[in-house]
Amino acid sequence: MAVQTIATTSAPGTTGAPETDRDTAFGPAVALSCRECGERFPLGPVFACQECFGPLEVAYEFPSGDPEALRAAIEAGPDNIWRYAPLLPVPADVASRPTMNPGFTKLVRADNLARELGVTGGLHVKDDSGNPTHSFKDRVVAIAVEAARAFGFTTLSCSSTGNLAGAVGAAAARAGFKSCVFIPHDLEAGKVVMAAVYGGDLVGIEGNYDDVNRFCSELIGDPLGEGWGFVNVNLRPYYGEGSKTLAYEICEQLGWRLPDNIVVPIASGSQLTKIDKGLQELIGLGLVEEKPYRIFGAQAAGCSPVSTAFKNGHDVVRPVKPDTIAKSLAIGNPADGPYVLDIARRTGGAVEDVTDEEVVDAIKLLARTEGIFAETAGGVTVGVLRKLIESGQLDPAAETVVLNTGDGLKTLDAVAPTTGPSAVIRPDLDSLRDADFFRKHTTDDRNSREAGLA
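FYI, in this note's numbering the residues of the sequence shown are 2 to 455.
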């Protein structure tokens with residue numbers, strides 16, 4: 002595969018990687034491109050356009066050739082995101098390097114949930130709780146780690162609402178980096194423990210995620226941050242590309258075809274925009290047949306700036322102060338919010354939100370129907386899916402994929418107050434017979450048997 006390369010510069014204060022390594026470190030990636038003005042820059046640890054301060058993203062020159070051959074090469078690859086290495090800003094030998102090897106998680110056909118919601122066109126849950134640290138953040142961190150290697154960084158860092166902190170800590174430990182991650186001081190206990198257990202430094206910041214993110218942006222420009230790669234700040238263009246692999250996997254797991262609808266949770270909005278980018282790349286490469294698809298965004302009502310802008314017909318997303326149990330989505334000033342609005346409108350989708358009570362109910366609904374215990378972000382997407390169907394915004398006769406991006410064990414506090422034993426009984430059969438739940442259980446069983454014989 003012939004790939005054009007562009008010289009890059011080292012991060013301030015780092016030794017940098019040898020240029021011979023740089024020539025192959027980013028695979029088909031050739032530049033960073035501004036999403037606002039289109040200006041191009043060499044591949045480097047930068048995230049904002051020098052001309053208009055717009056966000057940068059990775060631009061590629063993909064291999065040309067037979068789509069069938071590329072599809073066969075992907076299918077012959079490892080059962081993780083590195084099967085898509087020819088479409089990512091990573092070296093060709095990335096699968097042999099020490100990484101967490103995330104991805105290729107289950108796409109679950111959710112027939113029971115479909116019946117509950119009245120979906121007739123087919124419903125699937127892309128369950129990313131099966132990743133190494135039990136959230137989709139392992140995908141984006143894996144790409145950022147490879148960029149950090151190429152730029153000679155020695156410490157991995159991030160601002161995080163929890164899942165990313167754990168993913169960075171684990172990936173750093175595996176890849177031989179130091180790590181220091183920053184989180185709001187009041188995160189769920191499970192996420193705090195998971196972020197700290199990998200041996201790196203974990204720092205709580207008094208404030209919400211937006212305060213943490215501003216702090217990290219200041220640290221990047223200070224000598225204190227020399228040699229640090231912030232995966233979602235100065236490495237953000239590369240980091241974001243990891244979310245494309247969700248689109249790749251969904252289409253491959255559907256038999257190399259596009260779904261009609263995808264429902265995606267919104268925190269910064271980057272995941273949704275990169276899923277759309279991934280779908281467009283598959284179409285452009287001839288790996289899937291082009292057809293219309295609709296992308297829907299999902300937020301919690303307590304942090305719904307993008308949903309509010311969409312409903313009001315605005316192009317500007319006004320920041321809010323988060324107040325929701327869905328803390329992994331609690332970003333009051335989402336960087337990619339305007340681009341989410343563009344994609345939802347372009348594809349004929351929508352952006353909707355649900356209350357905390359609806360989030361909890363949706364977590365239980367998914368667990369009860371499909372045996373998938375989602376964290377609060379998954380409750381948001383399932384809750385929004387139900388709301389979209391009830392409001393007529395999403396056609397239940399169309400094939401739909403809904404994302405669960407994390408494990409419910411990380412957000413136990415959300416469901417604990419309303420979840421527990423059906424009864425506490427003595428260790429004897431009479432006590433079981435007298436229990437209210439058991440009487441109802443046996444009555445329901447009897448009614449079911451009688452109905453079957455009728």
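Positions of the beta carbon are idealized from the N, C-alpha and C atoms, including for glycine.
Residues that I206 bridges to, as DSSP identifies them: In the sequence shown, counting from the first residue as 1, residue 206 sits at position 205. In the DSSP output, where bridge partners are listed per residue, I206 has P185.
Three or more C-beta pairs below 8 Å linking the region 55-70 and the region 116-126: No: fewer than three Cβ pairs fall under 8 Å.
D202 beta carbon near the ligand HEM (any heavy atom closer than 7 Å): Only the bare structure without any ligand can be found here, which leaves the ligand HEM out of the picture.
Neighbourhood of L386 by C-beta distance below 6 Å, restricted to the same chain and skipping five residues each side: For the purposes of this step, residue 386 is taken as the residue at position 385 of the sequence shown. Sequence-distant partners of L386 (beyond 5 residues in either direction) whose C-beta falls short of 6 Å from its own C-beta, in its chain, are V264 and V403.
Spatial neighbours of T348 in its chain, beta-carbon cut-off 8 Å, leaving aside the 5 residues before and after: As a working mapping, residue 348 is identified with position 347 in the sequence shown. These residues qualify, in order along the chain: D277, P293, Y294, R295 and I296.
Alpha-carbon spacing of P43 relative to T25, whole angstroms: Residue numbering aside, residue 43 sits at position 42 when the sequence shown is read from its first letter. Residue numbering aside, residue 25 sits at position 24 when the sequence shown is read from its first letter. Their Cα atoms are separated by approximately 14 Å.
Boundaries of the beta strand (DSSP E) in which N405 is found, first to last residue: On the sequence shown, residue 405 is found 404 positions in, with the first residue counted as 1. Per DSSP, N405 belongs to the beta strand (DSSP E) from T401 to N405.
Residue burial classification, F438 (beta-carbon count within 10 angstroms, cutoff 16): Indexing the sequence shown from 1 puts residue 438 at position 437. It counts as exposed.
Start-to-end residues for the beta strand (DSSP E) that takes in F231: Against the sequence shown, residue 231 aligns to sequence position 230. In the DSSP assignment, F231 falls within the beta strand (DSSP E) that extends over W229 to F231.
E69 versus A248: straight-line alpha-carbon distance, rounded: The sequence position of residue 69 within the sequence shown is 68, counting from 1. The sequence position of residue 248 within the sequence shown is 247, counting from 1. E69 and A248 have their C-alpha atoms roughly 18 Å apart.
Rounded separation between G122 and T401 - CA only: Position 121 of the sequence shown, counting from 1, holds the residue named residue 122. Position 400 of the sequence shown, counting from 1, holds the residue named residue 401. Counting only the Cα atoms, T401 lies some 7 Å from G122.
Segments of 3+ residues assigned as beta strand (DSSP E) that fall wholly inside the region 303-356: Complete beta strand (DSSP E) runs here, min 3: 352-355.
Alpha-carbon spacing of L88 relative to G279, whole angstroms: One-based indexing of the sequence shown puts residue 88 at position 87. One-based indexing of the sequence shown puts residue 279 at position 278. Straight-line measurement puts the Cα of G279 at about 9 Å from the Cα of L88.
Beta-carbon proximity of T325 to G303, cut-off 8 Å: The residue you call residue 325 lines up with position 324 of the sequence shown. The residue you call residue 303 lines up with position 302 of the sequence shown. Contact check for T325 against G303 passes: the beta carbons are separated by less than 8 Å.
Given G333 as reference, the closest of K322, A301, P418 and P64 once Cα atoms are compared: Counting from 1 along the sequence shown, the entry for residue 333 is found at position 332. Minimum Cα distance to G333 is reached at K322.
C-alpha gap between N113 and L220, whole angstroms: Taking the sequence shown and counting its residues from 1, one reaches residue 113 at position 112. Taking the sequence shown and counting its residues from 1, one reaches residue 220 at position 219. Distance between the alpha carbons of N113 and L220: 48 Å.
Contact between the region 137-146 and the region 235-255 (3+ Cβ pairs under 8 Å): Yes, the region 137-146 touches the region 235-255.
Proximity to A49 [Cα-Cα], best of S218, R434 and E353: Translated into positions along the sequence shown, residue 49 becomes position 48. Among S218, R434 and E353, the Cα nearest to that of A49 is on S218.
Exposure label - A8; buried when at least 16 CB within 10 Å: The sequence position of residue 8 within the sequence shown is 7, counting from 1. In this prediction, A8 scores a pLDDT of 28, lower than 50, which makes its location untrustworthy; the coordinate-derived value is nonetheless stated afterwards. Residue environment analysis places A8 among the exposed positions, since fewer than 16 neighbouring C-beta atoms fall within 10 angstroms of its C-beta.
Under 8 Å between C-beta atoms of V360 and F311: For this step, residue 360 is matched to residue 359 along the sequence shown. For this step, residue 311 is matched to residue 310 along the sequence shown. No.
Nearest neighbour of E227, chosen from P46, T444, A30 and S34 [CA to CA]: Numbered from 1 along the sequence shown, position 226 holds the residue referred to as residue 227. For the residues P46, T444, A30 and S34, the minimum Cα distance to E227 belongs to P46.
CB contact flag (G407, H135, <8 Å): The residue labelled residue 407 in the question sits at position 406 within the sequence shown. The residue labelled residue 135 in the question sits at position 134 within the sequence shown. Yes, the pair counts as a contact, with Cβ atoms nearer than the cut-off.
Span separating the alpha-carbon of A111 from that of V381: If you number the sequence shown from 1, residue 111 lands on position 110. If you number the sequence shown from 1, residue 381 lands on position 380. Our two residues, A111 and V381, have alpha carbons roughly 17 Å apart in a direct line.
Beta carbon of N233 nearer than 8 Å to that of S329: Reading the sequence shown from its first residue, position 232 is the one you call residue 233. Reading the sequence shown from its first residue, position 328 is the one you call residue 329. N233 is not a Cβ neighbour of S329, given a cutoff of 8 Å.
S392 (DSSP reduced to helix, strand or coil): The sequence position of residue 392 within the sequence shown is 391, counting from 1. Here S392 sits in helix by DSSP.
Three-state secondary structure assigned by DSSP to H442: By one-based count along the sequence shown, residue 442 stands at place 441. If DSSP states are grouped into helix, strand and coil, H442 belongs with the helices.
Backbone secondary structure at G241 - three-state DSSP: Position 240 of the sequence shown, counted from the first residue, corresponds to residue 241. Here DSSP, grouped into helix, strand and coil, assigns G241 to helix.
Continuous beta strand (DSSP E) stretch holding P266: start and end: For the purposes of this step, residue 266 is identified with residue 265 of the sequence shown, where counting begins at 1. For P266, the enclosing beta strand (DSSP E) covers residues N262 to P266.
DSSP three-state assignment for F63, whether helix, strand or coil: Numbered from 1 along the sequence shown, position 62 holds the residue referred to as residue 63. Three-state DSSP puts F63 in coil, outside helix and strand.
A149 versus A173 - alpha carbon distance: Taking the sequence shown and counting its residues from 1, one reaches residue 149 at position 148. Taking the sequence shown and counting its residues from 1, one reaches residue 173 at position 172. Just so you know, the alpha carbons of A149 and A173 end up roughly 10 Å apart.
Three-way DSSP call (helix, strand, coil) for I221 in this model: The residue labelled residue 221 in the question sits at position 220 within the sequence shown. Three-state result, I221: helix.
G298: first and last residue of the uninterrupted alpha helix (DSSP H) it sits in: Stepping through the sequence shown from its first residue, residue 298 is reached at position 297. It is not in any alpha helix (DSSP H) - G298 instead sits in the beta strand (DSSP E) that spans R295 to A301.
Pairwise C-alpha distance: V204 and G191: As a working mapping, residue 191 is identified with position 190 in the sequence shown. As a working mapping, residue 204 is identified with position 203 in the sequence shown. Spanning the two alpha carbons is a distance of roughly 15 Å.
Distance, I284 Cα to I95 Cα: Stepping through the sequence shown from its first residue, residue 95 is reached at position 94. Stepping through the sequence shown from its first residue, residue 284 is reached at position 283. Per the sequence presented here, residue 95 reads as Val, with Ile not at that position. For V95 and I284, the distance between alpha carbons rounds to 25 Å.
G270 beta carbon less than 8 Å from that of Y340: The residue you call residue 340 lines up with position 339 of the sequence shown. The residue you call residue 270 lines up with position 269 of the sequence shown. Cβ distance < 8 Å, so Y340 and G270 count as in contact.
Between the CA atoms of P64 and A32 - distance to the nearest angstrom: Numbered from 1 along the sequence shown, position 31 holds the residue referred to as residue 32. Numbered from 1 along the sequence shown, position 63 holds the residue referred to as residue 64. Across the structure, A32 and P64 are spaced so that their CA atoms are roughly 16 Å apart.
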